[in-house]
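**Student:**
Residue numbers (the UniProt record's numbering): 1 to 683.
See the structure below:
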């Protein structure tokens with residue numbers, strides 16, 4: 001026996017003993033032994049830490065990293081000896097019946113261990129471990145594959161025709177089903193045909209997943225300052241047995257596996273046989289720029305000033321400072337209310353505007369401040385769809401879409417009036433439930449029964465309606481209430497599904513002079529910095545600020561909670577009619593809480609104050625007025641920014657105005673929701 005090979009076997013035994021792997025192996029053997037059933041293959045998973053093994057023996061560590069299939073044979077040999085020595089599995093006859101799957105905990109953090117399909121050449125022949133990462137863009141249904149099978153020689157006089165486990169076929173990474181089981185295998189002893197002994201076939205679960213480099217997100221944004229060019233290619237991932245259904249469509253994962261090339265007819269597909277899967281969650285920035293810190297200190301005398309200035313100067317690369325302030329504040333609030341958690345506080349925006357070009361540019365620019373800001377291309381699907389798997393299995397594959405790829409971010413779906421009725425109904429359903437159901441007909445995809453797969457949709461939706469074009473498509477109502485807008489082109493329930501309905505301040509017929517000048521100057525010199533604040537608060541600064549703010553964990557104060565509940569109950573009483581009851585949707589309370597938390601985050605606070613709730617109430621009441629007309633609270637048409645912010649005096653005037661709104665809100669709650677205790681001390 002090769003002395004080096006014998007030494008590596010000894011090291012394997014020492015490592016398994018020290019790491020607890022031997023104890024786990026004995027426990028797994030007991031389960032097989034207790035079943036009293038003979039298998040063609042007994043499969044064992046062994047977790048290995050390459051660093052620990054390299055410290056014990058560098059040769060074995062190198063062998064595991066660069067020759068994992070051969071390294072698995074060393075572990076196989078050691079495990080077989082252990083089974084026989086300790087009499088762990090009575091049914092086991094030969095070493096070939098043991099199948100070992102090595103699962104490295106990590107790989108060395110070196111470029112040579114990272115697999116990128118955008119890099120050339122793509123090495124799929126080395127059959128060693130690589131680390132890769134990407135976003136899941138398609139998932140197949142779970143099907144069966146053959147882990148291992150026993151074959152017997154058809155020649156009766158041949159020793160291999162006896163009922164022993166001498167001819168075993170075991171699945172190898174990247175191998176197709178025909179490599180494990182087919183009818184043209186021949187006996188290595190007498191060259192007679194081999195025949196499978198079907199009662200010993202071992203089946204496992206298999207799932208085919210399509211992943212793509214996270215750089216795809218940059219290509220799906222409506223606007224990007226990144227001018228670099230790169231090649232993006234999806235790659236196929238095989239999840240087997242315990243890893244089946246371990247991935248979720250739209251999520252970002254790090255995987256460790258062995259690359260291979262699968263031949264399907266004339267087509268060759270690059271794939272990775274995965275050994276381990278880890279959800280990838282990038283850390284957000286732990287800081288904001290010094291200019292934002294200085295601005296926060298300057299405006300610390302009021303809980304309203306910082307966010308007011310923030311909205312006033314936001315997106316100065318696209319629109320002049322001081323314009324579209326309500327819309328820009330709503331955008332910032334929606335941006336910081338993005339995360340990938342279940343039951344998150346969502347904040348969707350629907351903008352009614354005549355300035356579709358300017359609004360579209362503003363929304364496109366804002367998308368790029370998040371890692372996952374997706375501009376939905378009209379030619380594709382917003383929500384998941386089903387197609388036939390392209391790898392020849394005939395099974396169903398669920399394809400990702402704009403809403404799923406925008407997980408934890410923003411999905412901008414453009415002009416809502418351009419979508420057909422069925423798409424709008426599906427959007428309404430998703431806005432209400434934050435899930436969508438994909439129907440898979442069993443007959444079409446080779447399954448015995450139909451399936452329904454529920455996909456979570458964790459994103460904020462942005463959209464707009466062109467008020468000019470919509471008014472031409474239908475007859476306007478005559479019985480409008482005061483303050484109400486005509487949005488009857490869209491179903492009322494769909495409009496209610498969006499958290500905020502915002503009316504743009506500047507209709508096209510009277511564009512403000514600063515906006516006109518800005519557009520003309522940018523047309524002449526697109527790269528020009530037209531304003532001083534554009535240099536002081538760069539796009540990158542806003543990116544870092546939003547990523548920091550959205551990760552803040554905020555809690556409602558009791559005062560803010562009472563104010564929100566009081567306004568909600570009072571509004572349900574005053575906004576009602578004799579036929580339909582209250583016109584205030586059940587989701588209004590969630591929207592109020594989401595707006596309040598968003599304003600606290602935007603203020604870099606971790607406690608929601610009454611002042612945050614006041615802004616939330618004014619924004620929602622303005623939105624409800626556009627939908628259903630004015631109420632007894634009777635807010636101004638532009639309640640959050642009633643006048644231009646040009647200097648500190650205008651900020652002081654706005655503070656006084658918002659304090660009056662706060663007082664008016666308290667009186668409204670006292671009149672229409674007297675059971676709610678509100679602290680009215682304004683000292």
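Beta carbons are placed, not taken as given, at the ideal position from N, Cα and C, and that holds for glycine.
Cβ atoms of residue 276 and residue 256: under 8 Å apart, would you say?
**Tutor:** Stepping through the chain shown from its first residue, residue 256 is reached at position 256. Stepping through the chain shown from its first residue, residue 276 is reached at position 276. It is a contact, given that the beta carbons lie within the stated cut-off.
**Student:** Are residue 160 and residue 185 close, meaning C-beta to C-beta below 8 Å?
**Tutor:** As a position in the chain shown, residue 160 is number 160, starting the count at 1. As a position in the chain shown, residue 185 is number 185, starting the count at 1. Not a contact, by the Cβ cut-off of 8 Å.
**Student:** Which residues mark the beginning and the end of the alpha helix (DSSP H) in which residue 356 is found?
**Tutor:** Residue 356 sits at position 356 when you count from the first residue of the chain shown. Counting along the chain, the alpha helix (DSSP H) containing residue 356 begins and ends at 356-367.
**Student:** Less than 8 Å separating the beta-carbons of residue 500 and residue 603?
**Tutor:** Walking along the chain shown from the start, residue 500 turns up at place 500. Walking along the chain shown from the start, residue 603 turns up at place 603. Their beta carbons are not under 8 Å apart, which means residue 500 does not touch residue 603 by this criterion.
**Student:** In angstroms with no decimal places, state the Cα-to-Cα distance between residue 542 and residue 249.
**Tutor:** Along the chain shown, read from residue 1 onward, the residue named residue 542 stands at position 542. Along the chain shown, read from residue 1 onward, the residue named residue 249 stands at position 249. Their backbone Cα atoms lie some 29 Å apart in a straight line.
**Student:** Can you tell me the Cα-Cα spacing of residue 260 and residue 269, whole angstroms?
**Tutor:** As a working mapping, residue 260 is identified with position 260 in the chain shown. As a working mapping, residue 269 is identified with position 269 in the chain shown. For residue 260 and residue 269, the distance between alpha carbons rounds to 8 Å.
**Student:** By DSSP, does residue 327 sit in helix, in strand, or in coil?
**Tutor:** Looking up residue 327 in the chain shown gives position 327. It is helical.
**Student:** Roughly how far, in whole angstroms, is the beta-carbon of residue 533 from the beta-carbon of residue 316, given that I think they are within contact range, below 8 Å?
**Tutor:** Position 533 of the chain shown, counted from the first residue, corresponds to residue 533. Position 316 of the chain shown, counted from the first residue, corresponds to residue 316. Right, the Cβ-Cβ distance comes to about 5 Å (below 8 Å), so this counts as a contact.
**Student:** Using CA atoms only, rank isn't needed, just tell me which of 308, 203, 197 and 173 is closest to residue 236.
**Tutor:** Counting from one through the chain shown, the residue named residue 236 turns up at place 236. Among 308, 203, 197 and 173, the Cα nearest to that of residue 236 is on 173.
**Student:** Assign residue 283 to one of three DSSP states: helix, strand, or coil.
**Tutor:** Position 283 of the chain shown, counted from the first residue, corresponds to residue 283. Here residue 283 sits in coil by DSSP.
**Student:** Grab the span of the alpha helix (DSSP H) containing residue 104 for me, first residue to last.
**Tutor:** Within the chain shown, the letter at position 104 stands for residue 104. Segment 98-104 is the beta strand (DSSP E) holding residue 104; no alpha helix (DSSP H) there.
**Student:** Any contact between the segment 339-348 and the segment 652-667? By contact I mean 3 or more CB pairs, one from each, below 8 Å.
**Tutor:** The segment 339-348 vs the segment 652-667: no contact.
**Student:** Which ranges does the alpha helix (DSSP H) cover as unbroken runs of at least 4 residues, wholly within the UniProt domain "MCM AAA-lid" (543-624), from first to last along the chain?
**Tutor:** 558-574 and 588-602, all fully within the UniProt domain "MCM AAA-lid" (543-624).
**Student:** Starting from residue 205, trace the beta strand (DSSP E) in both directions and tell me its first and last residue.
**Tutor:** One-based indexing of the chain shown puts residue 205 at position 205. First-last of the beta strand (DSSP E) with residue 205: 202-212.
**Student:** Measuring CA to CA, which of 585, 517 and 597 is closest to residue 550?
**Tutor:** Start at 1 with the first residue of the chain shown, and residue 550 comes out as number 550. The shortest C-alpha separation from residue 550 is found at 597.
**Student:** I'd like to know whether the C-beta atoms of residue 241 and residue 205 end up nearer to each other than 8 Å.
**Tutor:** Start at 1 with the first residue of the chain shown, and residue 241 comes out as number 241. Start at 1 with the first residue of the chain shown, and residue 205 comes out as number 205. Yes, they are a contact pair.
**Student:** At 4 residues or longer, and completely inside the UniProt domain "MCMDC2 N-terminal" (8-107): list those alpha helix (DSSP H) runs for me, N to C.
**Tutor:** Correct list: 21-35, 50-56, 58-66 and 68-86.
**Student:** Say whether the segment 452-467 touches the segment 514-532, bearing in mind that this needs 3 or more beta-carbon pairs closer than 8 Å, one atom from each stretch.
**Tutor:** As far as the Cβ criterion goes, the segment 452-467 does not touch the segment 514-532, which means the pair count is below three.
**Student:** Going by C-alpha to C-alpha distance, which of 209, 555 and 272 sits closest to residue 245?
**Tutor:** Position 245 of the chain shown holds residue 245. Minimum Cα distance to residue 245 is reached at 209.
**Student:** Got a sec? Which residues, its chain only, sit under 6 Å from residue 440 by beta carbon, not counting five neighbours each side?
**Tutor:** Locating residue 440 in the chain shown gives position 440, where the first residue counts as 1. For residue 440, where only same-chain residues beyond five positions count, the Cβ hits under 6 Å are 386, 396 and 451.
**Student:** Let me know the secondary structure DSSP gives residue 140 once reduced to three states.
**Tutor:** As a first step, residue 140 must be located in the chain shown, where it is residue number 140. Strand.
**Student:** Report back the beta-carbon spacing between residue 103 and residue 168 to the nearest angstrom; my notes put them in contact at under 8 Å.
**Tutor:** Here residue 103 corresponds to residue number 103 of the chain shown, with the count starting at 1. Here residue 168 corresponds to residue number 168 of the chain shown, with the count starting at 1. That belief does not hold up - the Cβ atoms of residue 103 and residue 168 are roughly 22 Å apart, past 8 Å.
**Student:** If we call anything under 8 Å between Cβ atoms a contact, is residue 147 one with residue 202?
**Tutor:** Reading the chain shown from its first residue, position 147 is the one you call residue 147. Reading the chain shown from its first residue, position 202 is the one you call residue 202. Result yes, Cβ atoms of residue 147 and residue 202 sit closer than 8 Å.
**Student:** For the alpha helix (DSSP H) that contains residue 461, what are its first and last residues?
**Tutor:** Here residue 461 refers to the residue found at position 461 of the chain shown. Taken as a continuous stretch (DSSP letters only), residue 461 belongs to no alpha helix (DSSP H), being part of the beta strand (DSSP E) at 460-466.
**Student:** Hey, would you say residue 608 sits closer than 8 Å to residue 562, going by beta carbons?
**Tutor:** Taking the chain shown and counting its residues from 1, the one referred to as residue 608 is at position 608. Taking the chain shown and counting its residues from 1, the one referred to as residue 562 is at position 562. Their beta carbons are not under 8 Å apart, which means residue 608 does not touch residue 562 by this criterion.
**Student:** Can you tell me whether residue 84 is buried or exposed? The criterion is at least 16 other CB atoms within 10 Å of its CB, across all chains shown.
**Tutor:** For this step, residue 84 is matched to residue 84 along the chain shown. Exposed.
**Student:** By how many angstroms is the C-alpha of residue 414 removed from the C-alpha of residue 360?
**Tutor:** Residue 360 sits at position 360 when you count from the first residue of the chain shown. Residue 414 sits at position 414 when you count from the first residue of the chain shown. The alpha-carbon atoms of residue 360 and residue 414 are separated by roughly 8 Å.
**Student:** For residue 652, count neighbouring C-beta atoms within 10 Å of its own C-beta (all shown protein chains included) and say buried if the count is 16 or more, exposed if not.
**Tutor:** As a first step, residue 652 must be located in the chain shown, where it is residue number 652. By the neighbour-count rule (16 or more Cβ atoms within 10 Å), residue 652 is not buried but exposed.
**Student:** Who are the Cβ neighbours of residue 618 in its own chain at under 7 Å, not counting the five residues just before and after it?
**Tutor:** Counting from one through the chain shown, the residue named residue 618 turns up at place 618. Hits under 7 Å: 635, 639, 640 and 661.
**Student:** Give the secondary structure of residue 157 by DSSP, where H, G and I count as helix, E and B as strand, and everything else as coil.
**Tutor:** Taking the chain shown and counting its residues from 1, the one referred to as residue 157 is at position 157. Reduced to three states, the DSSP call for residue 157 is coil.
**Student:** Of all the options 91, 105, 58 and 100, which has the alpha carbon lying nearest to the alpha carbon of residue 19?
**Tutor:** Numbered from its first residue, the chain shown carries residue 19 at position 19. Ranking the options by Cα distance to residue 19, first place goes to 105.
**Student:** What whole-angstrom Cβ distance do residue 41 and residue 99 have, given they're in contact under 8 Å?
**Tutor:** In the chain shown, the residue the question calls residue 41 occupies position 41. In the chain shown, the residue the question calls residue 99 occupies position 99. Sure, about 5 Å apart at Cβ, within 8 Å.
**Student:** Let's see if you can read the secondary structure: which residues bound the alpha helix (DSSP H) around residue 294?
**Tutor:** Taking the first residue of the chain shown as 1, we reach residue 294 at position 294. Taken as a continuous stretch (DSSP letters only), the alpha helix (DSSP H) holding residue 294 covers 290-298.
**Student:** For residue 323 and residue 350, I'd like the C-alpha separation in whole angstroms.
**Tutor:** If you number the chain shown from 1, residue 323 lands on position 323. If you number the chain shown from 1, residue 350 lands on position 350. Their Cα atoms are separated by approximately 18 Å.
**Student:** Which residue comes first and which comes last in the beta strand (DSSP E) that contains residue 306?
**Tutor:** One-based indexing of the chain shown puts residue 306 at position 306. Taken as a continuous stretch (DSSP letters only), residue 306 belongs to no beta strand (DSSP E), being part of the alpha helix (DSSP H) at 305-313.
**Student:** At which residue ranges does the segment 358-434 contain complete alpha helix (DSSP H) runs of 4 or more residues, listed in the order of the chain?
**Tutor:** Listed in chain order, the complete alpha helix (DSSP H) runs (minimum 4 residues) inside the segment 358-434 are 402-405 and 421-433.
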